[in-house]
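As structure tokens, the structure follows; a few thoughts come after it.
In the numbering used here, the protein residues as written are 1126 to 1348.
Written out as structure tokens, the structure is:
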């Protein structure tokens, strides 16, 4: 009988969200009765991830309290989250390495239109239950690489070694063959860097004290 293992979802939600005015896990376009981090975790589960690990950091207690208690949801804390996205990815991969998942589907908390359909499409490249630990794939939006990314267990150590500062798995994908999965028909893949009140700003009063980027208010996220 063929070996069967799961694909774990890894949701990176540790950043301080300086431009957003607070952690993107708690504020932003998805904020409402349900926290953004809780909503994205739900989308990942609906998209096919049987288990999900949320990596928290800034205001860890508040983010933890905003998450529902679910049998498929667990939390990893990146104590060095202030060092950048790489620290969050390393903490998440270290956490899931203790289990037997064959791959990790990694995404960010600040992609407001990347929903269950995108996760489902990425997972179709290595269906849950597959024991293929060498898969390496990432979403693309009109040809632009973005999140989520699917990293087979074989590559976890290399991904962690290469994740430094605000670079996550970018170096891993830059140096190894991988599959691009076009998802531009499902989402834009753009991140949310500013609170909604600031996104059409000159800036308006609501944006005082918020550092505006020099050009567009949204950008393609790093990996």
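Even for Gly, the Cβ is constructed at its ideal location relative to N, Cα and C.
Model, not experiment: these values are computed from the prediction.
Between the alpha carbons of residue 1201 and residue 1139 lies a distance of about 10 Å.
Checking the DSSP bridge columns, you'll see residue 1202 partnered with 1181.
With a 10 Å radius around the Cβ and a threshold of 16 neighbouring Cβ atoms, residue 1259 comes out exposed. Under the DSSP definition of a beta bridge, residue 1176 partners with 1133.
Assigned with DSSP and collapsed to three states, residue 1265 falls in strand.
Remark: fewer than three beta-carbon pairs, one from each stretch, lie closer than 8 Å, so the stretch 1184–1201 and the stretch 1257–1272 are not flagged as touching.
Spanning the alpha carbons of residue 1203 and residue 1209 requires a straight line of approximately 10 Å. DSSP, reduced to helix, strand and coil, places residue 1239 outside both helices and strands of the structure shown, so it counts as coil. If you draw a straight line from the Cα of residue 1296 to the Cα of residue 1170, it comes to about 27 Å. Cβ-Cβ separation between residue 1162 and residue 1188: approximately 6 Å, consistent with a contact (criterion under 8 Å). Between residue 1311 and residue 1243, the C-beta spacing is below 8 Å.
Around the beta carbon of residue 1196, fewer than 16 other beta carbons sit within 10 angstroms, so the residue counts as exposed. Between residue 1284 and residue 1276, the beta carbon gap of about 6 Å places them in contact (Cβ cut-off 8 Å). At the C-beta level, residue 1141 and residue 1181 stay beyond 8 Å of one another.
Only residues of its own chain outside the window of five on either side were considered, and among them 1244, 1245, 1248, 1253 have a CB closer than 7 Å to the CB of residue 1173, listed in chain order.
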